[in-house]
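Student: Encoded as structure tokens, here's the structure I'll be asking about.
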Amino acid sequence: MFNNESKKSKVNGAPTPPVVTSIPKARVTVDRKPFCQPEDDQRLPHPGTARANIAATYEKPYGTIENGWAERHQGETALQQHCEFFDGDHDGIIWPHESFVGFRRVGFGVFLSLLCVCIIHCSFSYPTVSGLFPDPFFRIYLANVYKDKHGSDTGTYDTEGRFVPQQFENIFSKYGHGHDYLTIWDVFDLLKGHRCNNDPVGWFGAFFEWIATYLMLWPADGKMMKEDIRGVYDGSIFYTIAKRQEAKKQ
């Protein structure tokens, strides 16, 4: 909780208003504190402002710059980048068989890959079609993938598919106890904390996405690192994992 006394800096000639992030009588606000940058290190400007095409965080304010990722994907939203790995021919349309190949490339077995394909394409295909009728092949159209956002998620993607740094950082400040990783128990706390009332579809969607992420990363020490999770959000880590899996087969 910040001090209620006004700071010396001015806003339109008036003292800066206090920022109170927790109050003792509302225990949940004490237990789940939002991310706040240190006063002497404001390296992430406007963290509450959604970034259209980069997954900017406190440690990576310019997003993924390795191998020219941010530059090569500047014409895609963060959510579109997340999906791009599974679009094998990069035509903006993901077929079920392309998703299957993608999951196999990141190390999922045949059964899990089929399960993921069924869940994803049955759930996420229809909102992305342009007309009233569902796609007979359950394809996902990336131009409209922002319509696949569901409730009870972390809010890191906004309703247009942009990346919101504040919401991503809140994951770790609220549920990671300030660490740069999440354990599976932290994930369960996160899922519980983000559950919206009367939203079973969102509850399942969030559970499926986080469990799939944990299975894919499968950390040896049980800790999913913050940077790896950020890489899931912008899709860059899928290529890293695929290369790692290919090397194992050689």
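First residue of the sequence shown: 1314, per our numbering; consecutive thereafter.
Think of the CB as a built atom: it goes at the ideal place given N, C-alpha and C, for glycine as much as any other residue.
Buried or exposed for L1392, going by 16 or more other Cβ atoms inside 10 Å?
Tutor: The residue is buried, with at least 16 neighbouring Cβ atoms inside 10 Å.
Student: Taking C1349 as the reference, give the member of K1505, H1490 and S1486 with the closest Cα.
Tutor: Minimum Cα distance to C1349 is reached at S1486.
Student: From the DSSP output, in three-state form, read off Y1375 for me.
Tutor: Coil, per DSSP.
Student: Smallest Cα separation from K1373: which of F1481, A1327 and D1471?
Tutor: Minimum Cα distance to K1373 is reached at F1481.
Student: What separation, rounded to the nearest whole angstrom, lies between the Cα atoms of G1518 and H1463?
Tutor: So the alpha carbons of these two residues sit roughly 7 Å apart.
Student: Residue range of the alpha helix (DSSP H) that T1553 falls in?
Tutor: Here the alpha helix (DSSP H) through T1553 covers S1549 to K1562.
Student: Apart from the five residues on each side of it in sequence, which residues of its chain come closer than 6 Å, Cβ to Cβ, to G1361?
Tutor: Same-chain partners within the cutoff: Q1479.
Student: CB-CB under 6 Å to R1417, same chain, minus the five flanking residues each way: which ones, in chain order?
Tutor: Closer than 6 Å at Cβ, skipping near neighbours: S1426.
Student: How many Å lie between Y1552 and E1540 at the Cα?
Tutor: Approximately 14 Å between the Cα atoms of the pair.
Student: According to DSSP, is M1537 part of a helix, a strand, or is it coil?
Tutor: Three-state DSSP puts M1537 in a strand.
Student: Count Cβ pairs between the stretch 1463-1472 and the stretch 1401-1413 that sit closer than 8 Å; are there 3 or more?
Tutor: No, the stretch 1463-1472 does not touch the stretch 1401-1413.
Student: Check each candidate in T1370, W1516, H1359 and N1457 and name the one with the smallest Cα separation from Y1546.
Tutor: Nearest option by C-alpha distance: T1370.
Student: I need the straight-line Cα distance from C1434 to P1447, nearest angstrom please.
Tutor: One detail in the question is off: residue 1434 reads as His in this sequence, not Cys. So the alpha carbons of these two residues sit roughly 11 Å apart.
Student: Out of K1338, F1521, H1359 and A1383, which has the shortest C-alpha to C-alpha gap to G1544?
Tutor: Ranking the options by Cα distance to G1544, first place goes to A1383.
Student: Between which two residues does the beta strand (DSSP E) harbouring T1329 extend?
Tutor: Unbroken beta strand (DSSP E) run through T1329: A1327 to T1329.
Student: Who pairs with I1406 in a beta bridge, going by DSSP?
Tutor: Answer by DSSP bridge pairing, in chain order: Y1454.
Student: Expressed to the nearest angstrom, what Euclidean distance is found between the alpha-carbon atoms of E1559 and G1420?
Tutor: Taking the straight line from one Cα to the other gives about 9 Å.
Student: When every heavy atom of the ligand ATP is checked, does at least one fall within less than 7 Å of the C-beta of D1502?
Tutor: This structure lacks the ligand ATP; in fact it carries no ligand of any kind.
Student: Beta-carbon separation of G1415 and F1399 under 8 Å?
Tutor: Their beta carbons are under 8 Å apart, which means G1415 touches F1399 by this criterion.
Student: Assuming M1538 and D1502 are in contact, meaning their beta carbons sit under 8 Å apart, how far apart are those beta carbons, in whole angstroms?
Tutor: That pair is no contact at about 18 Å.
Student: Terminal residues of the continuous alpha helix (DSSP H) containing D1344?
Tutor: That run of the alpha helix (DSSP H) goes R1340 to D1344.
Student: When the distance is taken between beta carbons, is T1496 closer than 8 Å to K1460?
Tutor: It is not a contact, given that the beta carbons lie outside the stated cut-off.
Student: Where does the unbroken alpha helix (DSSP H) through K1462 begin, and where does it stop?
Tutor: It is not in any alpha helix (DSSP H) - K1462 carries neither H nor E in the DSSP assignment.
Student: According to the neighbour-count rule (16 or more other Cβ atoms, all chains shown, within 10 Å of its Cβ), is Y1375 buried or exposed?
Tutor: Result: exposed.
Student: Provide the residue(s) that pair with R1508 in DSSP beta bridges, ordered along the chain.
Tutor: Per DSSP, none; premise fails for R1508.
Student: What do you get for N1511, buried or exposed, if any count of 16 or more other CB atoms within 10 angstroms of its CB means buried?
Tutor: Result: exposed.
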